[in-house]
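Below: the structure, in C-alpha coordinates.
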Amino acid sequence: MNLSPMRFKNYVWPHNPRVYEIAFHRNVAVHHVPFGRSVLEGMGMDYRILRGEGEFVGPGAYREFQKLATVFYEETPGILVHPVWQTANAWFVELSVKQEPLEDYVAYAFEFWECYDHYQRTLTTVSAPSSGNTEAAATAGSAGQAYYTVVSGDTLYAIARKYALSLTELVALNPQIRNINLIYPGDRIRVQ
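For what it's worth, this note's numbering labels the leading residue of the sequence shown as 426, then goes sequentially.
What follows is the structure, encoded as C-alpha coordinates:
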(Lines of atoms letter the chains of each structure in order from A and count residues from 1; the text may use other names and numbers.)
(Lines give C-alpha, C1' and ligand atoms only; values in the text may rest on other atoms or scores of the structure.)
Protein backbone atom coordinates (compact mmCIF):
# COMPACT_ATOMS: atom_id res chain seq x y z
CA MET A 1 0.00 0.00 0.00
CA ASN A 2 1.38 3.40 -0.97
CA LEU A 3 0.47 5.92 1.77
CA SER A 4 0.77 9.68 1.61
CA PRO A 5 3.57 11.18 3.73
CA MET A 6 2.97 12.28 7.29
CA ARG A 7 2.98 16.09 7.75
CA PHE A 8 2.96 18.52 10.65
CA LYS A 9 2.72 22.26 9.98
CA ASN A 10 5.19 22.79 7.11
CA TYR A 11 7.33 19.71 7.82
CA VAL A 12 6.83 16.67 5.56
CA TRP A 13 8.46 13.39 6.57
CA PRO A 14 10.71 12.09 3.75
CA HIS A 15 9.31 8.62 4.58
CA ASN A 16 6.68 7.68 7.13
CA PRO A 17 7.73 6.61 10.62
CA ARG A 18 8.04 2.86 11.14
CA VAL A 19 5.79 2.45 14.21
CA TYR A 20 2.52 4.21 15.16
CA GLU A 21 0.40 3.94 18.27
CA ILE A 22 -2.84 5.83 18.76
CA ALA A 23 -4.23 6.10 22.30
CA PHE A 24 -7.75 7.31 23.06
CA HIS A 25 -8.55 8.66 26.54
CA ARG A 26 -11.96 8.93 28.21
CA ASN A 27 -12.65 10.71 31.50
CA VAL A 28 -14.72 8.59 33.86
CA ALA A 29 -16.12 9.62 37.26
CA VAL A 30 -16.50 6.97 39.97
CA HIS A 31 -19.43 7.18 42.42
CA HIS A 32 -19.20 4.74 45.32
CA VAL A 33 -22.46 3.10 46.45
CA PRO A 34 -23.15 0.84 49.43
CA PHE A 35 -21.80 -2.70 49.69
CA GLY A 36 -18.49 -1.96 47.95
CA ARG A 37 -19.95 -1.27 44.54
CA SER A 38 -19.31 1.67 42.21
CA VAL A 39 -21.22 3.44 39.49
CA LEU A 40 -19.15 4.80 36.63
CA GLU A 41 -20.17 7.88 34.68
CA GLY A 42 -18.63 8.80 31.34
CA MET A 43 -17.43 12.40 31.30
CA GLY A 44 -16.55 12.49 27.62
CA MET A 45 -13.59 11.90 25.38
CA ASP A 46 -10.29 13.49 26.26
CA TYR A 47 -7.39 14.18 23.93
CA ARG A 48 -6.02 11.47 21.66
CA ILE A 49 -2.32 10.68 21.53
CA LEU A 50 -0.35 9.66 18.45
CA ARG A 51 3.10 8.32 19.25
CA GLY A 52 5.58 6.41 17.21
CA GLU A 53 9.14 5.70 16.18
CA GLY A 54 11.07 6.13 12.99
CA GLU A 55 14.49 6.47 11.44
CA PHE A 56 16.21 8.86 9.11
CA VAL A 57 18.72 6.94 7.02
CA GLY A 58 21.32 7.94 4.47
CA PRO A 59 23.41 11.01 3.78
CA GLY A 60 21.96 14.00 5.62
CA ALA A 61 19.95 11.91 8.11
CA TYR A 62 21.09 14.04 11.04
CA ARG A 63 20.23 17.25 9.16
CA GLU A 64 16.72 15.86 8.55
CA PHE A 65 16.35 15.16 12.28
CA GLN A 66 17.45 18.75 12.98
CA LYS A 67 14.66 20.02 10.68
CA LEU A 68 12.13 17.96 12.64
CA ALA A 69 13.56 19.26 15.94
CA THR A 70 13.18 22.84 14.68
CA VAL A 71 9.44 22.20 14.20
CA PHE A 72 9.27 20.72 17.71
CA TYR A 73 10.68 23.97 19.17
CA GLU A 74 7.79 26.00 17.74
CA GLU A 75 5.49 26.66 20.66
CA THR A 76 2.13 26.47 18.91
CA PRO A 77 -0.17 23.66 17.83
CA GLY A 78 -0.54 22.82 14.16
CA ILE A 79 -2.32 20.56 11.72
CA LEU A 80 -1.08 16.97 11.85
CA VAL A 81 -1.79 14.98 8.70
CA HIS A 82 -1.22 11.30 9.26
CA PRO A 83 -1.58 8.77 6.40
CA VAL A 84 -4.08 6.57 8.28
CA TRP A 85 -5.16 8.62 11.31
CA GLN A 86 -7.67 11.42 11.10
CA THR A 87 -6.25 14.86 10.36
CA ALA A 88 -6.15 16.79 13.63
CA ASN A 89 -4.98 19.97 15.27
CA ALA A 90 -2.23 18.81 17.62
CA TRP A 91 0.65 19.77 19.87
CA PHE A 92 4.07 18.24 19.21
CA VAL A 93 4.80 17.25 22.84
CA GLU A 94 7.78 14.90 22.65
CA LEU A 95 10.75 14.21 20.41
CA SER A 96 13.56 11.94 21.53
CA VAL A 97 16.60 10.22 20.03
CA LYS A 98 16.61 6.45 20.59
CA GLN A 99 20.40 6.06 20.36
CA GLU A 100 23.46 8.16 19.64
CA PRO A 101 22.72 9.92 16.34
CA LEU A 102 25.08 9.44 13.41
CA GLU A 103 25.46 11.57 10.29
CA ASP A 104 23.71 8.88 8.22
CA TYR A 105 21.37 7.29 10.81
CA VAL A 106 19.06 8.74 13.48
CA ALA A 107 16.46 6.64 15.31
CA TYR A 108 13.82 8.81 17.01
CA ALA A 109 10.51 8.69 18.86
CA PHE A 110 7.73 11.29 18.82
CA GLU A 111 4.39 12.09 20.44
CA PHE A 112 1.51 14.37 19.42
CA TRP A 113 -1.56 15.27 21.50
CA GLU A 114 -4.75 16.25 19.69
CA CYS A 115 -6.41 19.53 20.71
CA TYR A 116 -9.47 21.51 19.66
CA ASP A 117 -8.66 25.01 20.93
CA HIS A 118 -7.02 26.24 17.73
CA TYR A 119 -10.08 26.02 15.46
CA GLN A 120 -11.56 29.40 16.42
CA ARG A 121 -10.98 31.90 13.63
CA THR A 122 -11.93 35.48 12.85
CA LEU A 123 -14.59 35.42 10.16
CA THR A 124 -14.45 37.63 7.10
CA THR A 125 -16.20 37.62 3.75
CA VAL A 126 -14.38 36.54 0.61
CA SER A 127 -15.55 36.69 -2.96
CA ALA A 128 -15.75 33.58 -5.07
CA PRO A 129 -13.17 33.18 -7.83
CA SER A 130 -14.45 33.81 -11.32
CA SER A 131 -15.61 30.48 -12.70
CA GLY A 132 -18.23 29.38 -15.16
CA ASN A 133 -19.16 26.48 -12.87
CA THR A 134 -21.95 27.78 -10.64
CA GLU A 135 -22.16 24.51 -8.68
CA ALA A 136 -18.57 24.85 -7.53
CA ALA A 137 -18.68 28.55 -6.72
CA ALA A 138 -18.23 29.73 -3.17
CA THR A 139 -21.43 30.70 -1.43
CA ALA A 140 -21.71 33.17 1.40
CA GLY A 141 -22.59 31.76 4.79
CA SER A 142 -23.55 33.31 8.07
CA ALA A 143 -21.22 35.66 9.95
CA GLY A 144 -19.04 36.37 6.92
CA GLN A 145 -18.21 32.74 6.20
CA ALA A 146 -17.81 31.48 2.63
CA TYR A 147 -18.15 27.91 1.39
CA TYR A 148 -17.13 25.95 -1.69
CA THR A 149 -19.15 22.99 -2.97
CA VAL A 150 -16.93 20.08 -3.97
CA VAL A 151 -17.24 18.73 -7.52
CA SER A 152 -15.86 15.51 -8.97
CA GLY A 153 -12.06 15.61 -9.27
CA ASP A 154 -11.51 18.24 -6.56
CA THR A 155 -8.79 17.86 -3.91
CA LEU A 156 -8.35 19.92 -0.76
CA TYR A 157 -4.96 21.02 -2.02
CA ALA A 158 -6.47 22.39 -5.25
CA ILE A 159 -9.29 24.11 -3.36
CA ALA A 160 -6.76 25.71 -0.98
CA ARG A 161 -4.73 27.04 -3.92
CA LYS A 162 -7.88 28.39 -5.61
CA TYR A 163 -8.66 30.49 -2.53
CA ALA A 164 -5.04 31.50 -1.75
CA LEU A 165 -4.95 29.39 1.42
CA SER A 166 -2.39 26.91 2.64
CA LEU A 167 -3.61 23.35 3.11
CA THR A 168 -3.06 23.83 6.85
CA GLU A 169 -5.33 26.91 6.90
CA LEU A 170 -8.06 25.14 4.91
CA VAL A 171 -8.01 22.09 7.19
CA ALA A 172 -8.16 24.35 10.27
CA LEU A 173 -11.29 26.02 8.84
CA ASN A 174 -12.90 22.58 8.36
CA PRO A 175 -12.48 20.50 11.53
CA GLN A 176 -15.27 18.21 10.33
CA ILE A 177 -12.87 16.78 7.73
CA ARG A 178 -11.17 13.91 9.53
CA ASN A 179 -9.19 12.61 6.52
CA ILE A 180 -7.98 15.16 3.97
CA ASN A 181 -7.80 12.48 1.30
CA LEU A 182 -11.55 11.79 1.51
CA ILE A 183 -13.83 14.53 0.20
CA TYR A 184 -16.87 13.90 -1.95
CA PRO A 185 -18.86 15.81 -4.58
CA GLY A 186 -21.50 17.87 -2.81
CA ASP A 187 -19.44 18.39 0.37
CA ARG A 188 -19.40 22.01 1.55
CA ILE A 189 -15.90 23.22 2.35
CA ARG A 190 -15.46 26.42 4.32
CA VAL A 191 -12.97 28.68 2.52
CA GLN A 192 -13.20 31.70 4.82
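By construction, the Cβ of each residue, glycine as well, lies at the ideal position given by its N, Cα and C atoms.
When R613, N604, R615, L493 are compared, the shortest CA-CA separation from Y533 is found for L493. Put simply, the backbone Cα of S521 is about 11 Å away from that of R476.
Note: W510 is not bridge-paired with any residue in the DSSP secondary-structure output.
Per DSSP, the beta bridge partners of R473 are F449. Boundaries cannot be given for I605, as no alpha helix (DSSP H) includes it and DSSP labels it neither H nor E. Counted as a single uninterrupted DSSP element, the stretch harbouring F537 is not any alpha helix (DSSP H) but the beta strand (DSSP E) occupying residues 530 to 539. Counting the other CB atoms within 10 Å of its CB gives F537 a total of 16 or more, which places it among the buried residues. Around the beta carbon of L505, a 10 Å sphere encloses 16 or more other beta carbons of the protein chains shown; the residue is thus reported as buried.
Just so you know, the alpha carbons of V453 and I474 end up roughly 18 Å apart.
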